[in-house]
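Under this note's numbering, read the sequence shown as residues 105 to 418, first letter to last. We put the beta carbon where it would ideally sit given N, CA and C, even for glycine. Everything on this sheet refers to the single structure shown next.
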Amino acid sequence: KNLKKYYTLPKTKLFQQPKTIKAVNDISFDIYAGETFGLVGESGCGKSTTAKLIANLVHKTEGDLLFDGIPVDIKDKQKRNAVTKNIQMIFQDPFGVMNPRKTIGWFLEEPLKIHQSLSRKERRMRVNHMLEEAGFDDTYYKRYPHELSGGQRQRMSILCSLMLNPKFIIADEPVSALDVSVQSSILNLMKDLQVQYGLTYLFISHDLNVVEYMSDRIGVMYLGKIVELAHVEDIYDNPLHPYTKSLMAAIPSIHDRGNPDKAVIAGEINRHQKIGTGCPFYNRCPEALGKCKDIEPIARQLNQNHHVCCHLYD
Ligand code: SF4
Ligand code: MG
């Protein structure tokens with residue numbers, strides 16, 4: 105609710121005043137149990153910061169983050185651990201999350217060591233069970249990350265995220281670093297695990313085809329704001345916000361080969377706009393109205409499931 109994350113950059117030669125970056129700028133949304141909530145937008149729009157805020161990896165500037173009604177950043181450490189062990193994260197780079205000098209078994213056991221008081225043998229049994237579930241034999245326990253392919257490593261980091269039986273998984277660009285040929289197998293694994301373990305996903309990607317495949321509902325982010333939020337069909341078949349419309353028009357298709365008229369979104373993200381003045385998409389918007397330059401639009405609920413933040417719907 106009203107989540108904000110601001111970073112302040114110190115004075116430099118270029119900027120005489122300390123500069124505030126509004127990475128996440130007052131966003132509110134719910135993720136329902138059992139669904140996959142997709143978050144899309146260009147790089148730098150605040151998707152990963154949102155993920156890290158929810159996972160309690162960075163501290164919010166303002167707002168509330170509730171998991172089953174309990175603040176994920178509650179001061180009481182015991183209560184906080186009880187909440188955060190239900191929230192796990194899968195990252196983009198499956199190599200970067202592994203210590204190259206430690207075995208896969210060590211990697212998979214680490215969450216158990218931190219959060220549970222199991223014996224060595226119990227840990228080993230749990231890891232072998234998980235490996236088996238994912239179709240790996242127990243020789244993988246002793247292998248090193250460099251002996252695995254990118255796809256296998258991402259499977260291992262997905263397994264690692266499941267070690268504590270979490271309810272909620274945040275996947276930040278989980279297939280962006282992988283070959284297209286293995287992307288779909290990872291996505292399907294995530295779908296299967298969702299059914300098997302009753303998981304809820306926050307699925308972040310800049311790849312609109314992937315997000316459409318995975319998500320039940322989608323939030324479209326632009327410059328730290330959620331500018332549109334709706335069911336996946338509504339976002340793809342009936343986008344309302346001019347930014348969403350241009351994103352959808354820019355999805356590449358095999359039929360566009362060599363088409364010079366293929367839509368692109370004109371201009372660049374305007375990061376230097378003065379805070380609180382007008383719509384952040386104003387400098388690129390093909391449908392801008394007179395008031396858009398000076399008055400910031402507020403999010404409106406058009407029907408039960410469709411929210412949009414644009415003056416065209418005032
Ligand atoms: Fe375009 Fe105005 Fe809507 Fe912003 S508020 S997206 S500038 S029409
Ligand atoms: Mg990111």
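Cβ-Cβ separation, residue j to residue i (assumed contact under 8 Å), whole Å
i	j	result
residue 142	residue 318	6 Å
residue 129	residue 328	3 Å
residue 278	residue 192	Wrong, their Cβ atoms sit about 12 Å apart, outside the cutoff.
residue 373	residue 146	7 Å
residue 282	residue 314	Contact flag wrong, Cβ pair sits at about 11 Å.
residue 259	residue 216	In fact, because the Cβ distance is near 18 Å, the residues do not count as touching under 8 Å.
Separation of residue j from residue i, as counted between CA atoms
i	j	result
residue 415	residue 401	6 Å
residue 127	residue 149	7 Å
residue 341	residue 113	40 Å
residue 264	residue 226	16 Å
residue 255	residue 358	25 Å
residue 257	residue 153	24 Å
residue 325	residue 385	11 Å
residue 156	residue 418	32 Å
residue 390	residue 261	42 Å
residue 223	residue 209	14 Å
residue 134	residue 348	20 Å
residue 173	residue 105	12 Å
residue 131	residue 171	16 Å
residue 230	residue 221	13 Å
residue 403	residue 239	45 Å
residue 178	residue 300	30 Å
residue 387	residue 393	11 Å
residue 252	residue 161	28 Å
residue 182	residue 107	24 Å
residue 346	residue 397	15 Å
residue 316	residue 343	13 Å
residue 421	residue 305	This structure cannot settle anything about residue 421, because the visible part of the chain is limited to 105 through 418.
residue 242	residue 206	16 Å
Residues that DSSP places opposite residue i in a beta bridge
i	result
residue 140	305
residue 170	175
residue 405	411
residue 192	273
residue 342	The partner list for residue 342 (beta bridge, DSSP) is empty, contrary to what the question assumes.
residue 332	324, 412
residue 112	124
residue 129	108
Neighbour-count burial assignment, residue i, 16 or more Cβ in a 10 Å radius
i	result
residue 213	buried
residue 144	buried
residue 381	exposed
residue 124	exposed
residue 138	exposed
residue 136	exposed
residue 159	buried
residue 296	exposed
residue 237	exposed
residue 303	buried
residue 405	exposed
residue 219	exposed
residue 180	exposed
residue 109	buried
residue 111	exposed
residue 200	exposed
residue 198	buried
residue 250	exposed
residue 321	buried
residue 151	buried
residue 284	exposed
residue 276	buried
residue 287	buried
residue 323	buried
Any non-hydrogen atom of the ligand MN closer than 7 Å to residue i Cβ
i	result
residue 146	Summarising the ligand content, the structure contains the ligand SF4 and the ligand MG and does not contain the ligand MN.
Min CB distance residue i to chain C below 8 Å
i	result
residue 266	No chain C is present in this structure, which holds just one protein chain.
Task: Validate contact between the region 271-280 and the region 114-121 using beta carbons, cut 8 Å, 3 pairs - done: no
Task: Three-pair Cβ contact test at 8 Å for the region 350-359 versus the region 302-310 - done: no
Open item on the list: Check whether the region 402-413 and the region 328-343 are in contact - that is, three or more C-beta pairs closer than 8 Å.
Closed with: yes
Task: Stretch-stretch touch, CB-based, cutoff 8 Å, three pairs: the region 238-247 with the region 154-173 - done: no
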